[in-house]
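Beneath this line is the structure, given in structure tokens, with notes to follow.
Number of protein chains: 2
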Amino acid sequence: MDLSDLAQPADTKIVLVVMDGLGGYADASHGTELEEAATPHLDQLAAAGVVGLVEPVGPGITPGSGPGHLALFGYDPTVYELGRGALSAAGLEFDLEPGDVAARANLCTLGPDGAVTDRRAGRISDEEARAIVQRLQAAVSLDGVEAHFRHEREHRVLVVLRGPELDPRVADTDPQKAGVAPLAPEATDPAAKRTAELVAELDAQVRTSLAAEPRANGLLLRGFDTLRELPSFADRYGLTAAAVAVYPMYRGIARILGMDVLGRPAALADQVETARTAWQDYDYFFIHHKPTDSAGEDGDRGRKIAAIEALDAAIPDIRALQPDVLVVTGDHATPTQMAAHSWHPVPAVLWSERCGRDDVDRFGERWCRGGGLGLRPTATLMPIMLANAGRLAKYGA
Amino acid sequence: MDLSDLAQPADTKIVLVVMDGLGGYADASHGTELEEAATPHLDQLAAAGVVGLVEPVGPGITPGSGPGHLALFGYDPTVYELGRGALSAAGLEFDLEPGDVAARANLCTLGPDGAVTDRRAGRISDEEARAIVQRLQAAVSLDGVEAHFRHEREHRVLVVLRGPELDPRVADTDPQKAGVAPLAPEATDPAAKRTAELVAELDAQVRTSLAAEPRANGLLLRGFDTLRELPSFADRYGLTAAAVAVYPMYRGIARILGMDVLGRPAALADQVETARTAWQDYDYFFIHHKPTDSAGEDGDRGRKIAAIEALDAAIPDIRALQPDVLVVTGDHATPTQMAAHSWHPVPAVLWSERCGRDDVDRFGERWCRGGGLGLRPTATLMPIMLANAGRLAKYGA
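So the protein sequences, as listed, match chains A and B. Counting in my numbering, the first sequence runs from 1 upward without gaps. Counting in my numbering, the second sequence runs from 398 upward without gaps.
Quick look at the structure:
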């Protein structure tokens, strides 16, 4: 069965609000961040709607941002893959060409012994990082291949190699932890041997160029990838879709799926205003809220709770748009106890006139567990949203 | 894993009671129809048994009757397909031959402007419809192809084309709503072009023939289909199975799966009596209760509740047969708020000596949510029924 065979037009609007890294886990001393946050408006939504828990990729699987969002958009993340490099490129509106190899890079701090001391170069400022990236663009020169550097945000950088016979099957150089040296770029397929050598040469030139920098004196690469075509949101669902996101990567994934990426909002209030302004032009709005994940990654419980409460405060304005279907959930868990993404199920609330309310009147993992959506794969939310919007025809006679 | 490899004989009997369109959804003013019905016997069954919610085809997918029943019989409805035409033919004991194209038709009312004003011709009586169908059988004559018309029930008619080089890939002419004209029959594959033309000619002759009728002056066709072979119930499960159903379509699907279709029961009391009479001859009984769905489709909440209560009143007689496994559930939801099939999960109760009772003692969506069967695909009920009947061997050493 192919959902696109059932998709039918309707005069209805869907809003998906993603609190990045929303999920958490309770332990002996605390409930989850969401359970402990004061969320009167989300609780109200839970009372009028139906809640549950969702697993983005599969039981026990910790999702990256790409798979987490693909699942939210109804694309099985074990079938459709997106490399971090392609995501970053899309987010920066850097037009990848067939054959390009793109990677996501972090500016980092390397100690005198060559070990990583800070994977994020002390969360370097945008201004400082931009200058460094310009320096790299001027300094690095590879044999027969163009190297493009683009600054994303803070320590994040996009690196693209453009030239003949490149192959993305190169392992990450990012060791994903401090205290050890960056990994040497290794070809995971013999065909990528030359690409791995070019990456090693690039890395060496980067270190030379940044040797005098106190903090950003190295680059950690991950997610080597090429351009891929995914079926578009319009083709799969017949939806005219818009994304309202602050961070480039989420703008990128939306663009890859053929959504219009609206404006240049700086924060949540802008995002809601951007959606309001474009309300008549789209069937589907994806609103992405990043601060929950940033706080989670920093292990900052208080800040994650505050980020949840900030989103809660925006719910009345979002409901005032009068969407026919409203879903609030996350792309994965980022428990502050772990300061990292995790595999824990993520709470979800869905409201529509026909959602079939359950008996749950609070939004949080412990209450969602008994909700009407049950525990289900994240990708199943999309057909349920479409159904509630009257956008799926009956299957079979 | 193939269930047929595990099926083993046992001296046990299984009864599946299907309340068609049982499921509903709670909203701000009401619980579901089942929650609000007085169902002392089903509640007793829930208390002694195990309950849950089932999704017939998939999350968000609204099932037609074919997929809904295939799932109940343990056939994954995304793998096995049954067109409406083949179902109708089987229900009427019209022997489809290979190459025939069958469709389900509604007698309908067309207004002076050609738009459908009533998709069911005012729910025309059986007697009146039968006379009209006879007239069509005599009047319609196509070039090189036989056209067969058979009356089903009320406004429902089976149409079969028999002749060389027919192809079922013709789109429905039924627009599925009033206020618009019937659709022209379109070939969805070039090979069906001639068949589509024959359908158009048939439609024109039908209109001419029925022009003077006040209500039944048109025919809406859907579900063009050919004969298909499905693996039989006996082959898959080793069960000698019987169906006790009033409506032709459900008798039809049972016949397609190789069940014996018993008697000509007119209503529930007859059905139970029919099962009692044949009790010694079968391992498995499928008892189909239609009024829940009919009331749901009419948006008649009171009548749907009454239909549920009527089934509840028959439970003691069904239990008196002493089945080893008894399941009561539905093939899909038909919420009265929507007056149509829907995607909402359907409550299920299973009783056997070994079912593993949970703490739920009422039968209804809100209580089933916390039941021991959880939220699961409908097709998973069949192996659980077989297991409870001692009819599945151990898997693996």
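The C-beta atom is built at its ideal place from N, Cα and C for all residues, glycine as well. Being a predicted model, the structure only gives us computed values, none of them experimental.
- Look at B/Asn503 here: in three-state DSSP terms it is strand.
- In this structure, DSSP gives B/Ile650 a helical state, which the three-state scheme calls helix.
- For the 8 Å CB-CB criterion, A/Leu219 and A/Val157 form a contact.
- Taking 8 Å as the cut-off, the Cβ atoms of B/Asp721 and B/Ser749 count as close.
- Fully contained in the segment 430-476 of chain B are the following beta strand (DSSP E) runs of length 3 or more, in chain order: 447-452.
- Rounded to whole angstroms, the Cβ separation of B/Leu580 and B/Ala588 is 20 Å, and the two are not in contact under 8 Å.
- DSSP links A/Val328 through a beta bridge to A/Val17, A/Val349.
- In the structure shown, A/Val272 falls within a helical segment according to DSSP collapsed to helix, strand and coil.
- Apart from sequence neighbours up to five positions away, the residues of its chain that approach A/Gly356 with a beta-carbon distance below 8 Å are Val50, Gly372, ordered along the chain.
- When secondary structure is reduced to three states using DSSP, A/Pro316 falls in the helix class.
- Closest in alpha carbon position to B/Arg532, among B/Gly418, B/Ala609, B/Glu594, B/Lys590, is B/Ala609.
- For B/Pro572, same chain residues with a beta-carbon under 8 Å away, outside a window of 5 residues either side, are Val513, Ala578, Pro579, Leu580, Leu617 in chain order.
- Here B/Tyr644 has Lys687 as same chain residues with Cβ atoms under 6 Å from its own Cβ, once five neighbours each way along the sequence are excluded.
- Listed in chain order, the positions of the segment 685-703 of chain B with a beta carbon within less than 8 Å of a beta carbon of chain A would be empty, since no residue qualifies.
- Under the DSSP assignment, B/Phe621 falls outside any alpha helix (DSSP H), being part of the beta strand (DSSP E) whose first and last residues are 615-622.
- Sorting A/Arg251, A/Leu386, A/Leu350, A/Arg130 by C-alpha distance to the C-alpha of A/Ser65 places A/Arg251 at the top.
- B/Arg700 carries a helical assignment under DSSP once its states are collapsed to helix, strand and coil.
- Taking a Cβ-Cβ cut-off of 8 Å, the neighbours of A/Thr380 in chain B comprise Gly455, Pro456, Gly457, given in sequence order.
- Inter-segment contact for the segment 596-607 of chain B and the segment 527-546 of chain B is present: three or more beta-carbon pairs are separated by less than 8 Å.
- Secondary structure at A/Thr277: helix, using DSSP grouped into helix, strand and coil.
- Our two residues, A/Val360 and A/Thr39, have alpha carbons roughly 14 Å apart in a direct line.
- What B/Glu478 touches in chain A, judged by beta-carbon distance under 8 Å, is Gly396, going in chain order.
- Bounds of the beta strand (DSSP E) holding A/Ile287 are 284-289.
- Non-local C-beta neighbours of B/Gly420 in its own chain, meaning closer than 6 Å and more than five positions away in sequence, comprise Gly727, Ala730, His741, Val743, ordered along the chain.
- The beta-carbon separation of A/Asp358 and B/Arg763, rounded to 7 Å, stays under the 8 Å limit for a contact.
- Shown here, A/Gly356 sits in coil according to DSSP, grouped into three states, outside any helix or strand.
- Taking each of B/Ala500, B/Gly496, B/Ala444 in turn and checking the Cα distance to B/Leu489, the smallest one comes out for B/Ala500.
- Here A/Thr117 carries a strand assignment [DSSP, helix/strand/coil].
- If one requires a minimum length of 4 residues, the alpha helix (DSSP H) runs lying completely within the segment 523-585 of chain B are 523-536, in chain order.
- Contact between the segment 469-487 of chain B and the segment 777-792 of chain B is present: three or more C-beta pairs spanning the two stretches fall below 8 Å.
- Residue state for A/Gly374 is assigned as strand, using DSSP reduced to three classes.
- Along the segment 350-384 of chain A, going in chain order, the ones with a CB nearer than 7 Å to a CB of chain B are Arg354, Gly356, Arg357, Asp358, Asp359, Gly370, Gly372, Gly374, Arg376, Thr380, Pro383, Ile384.
- Between the alpha carbons of A/Ala241 and A/Leu96 lies a gap of roughly 22 Å.
- For A/Ile287, the closest alpha carbon among the candidates A/Pro265, A/Gly238, A/Ala121 is that of A/Pro265.
- For A/Met338, there are no C-beta contacts with chain B under 8 Å, since the nearest C-beta of that chain is about 28 Å from it.
- Residues Arg612 of the same chain have their beta carbon placed closer than 6 Å to that of B/Gly519, with the five preceding and five following residues left out of the count.
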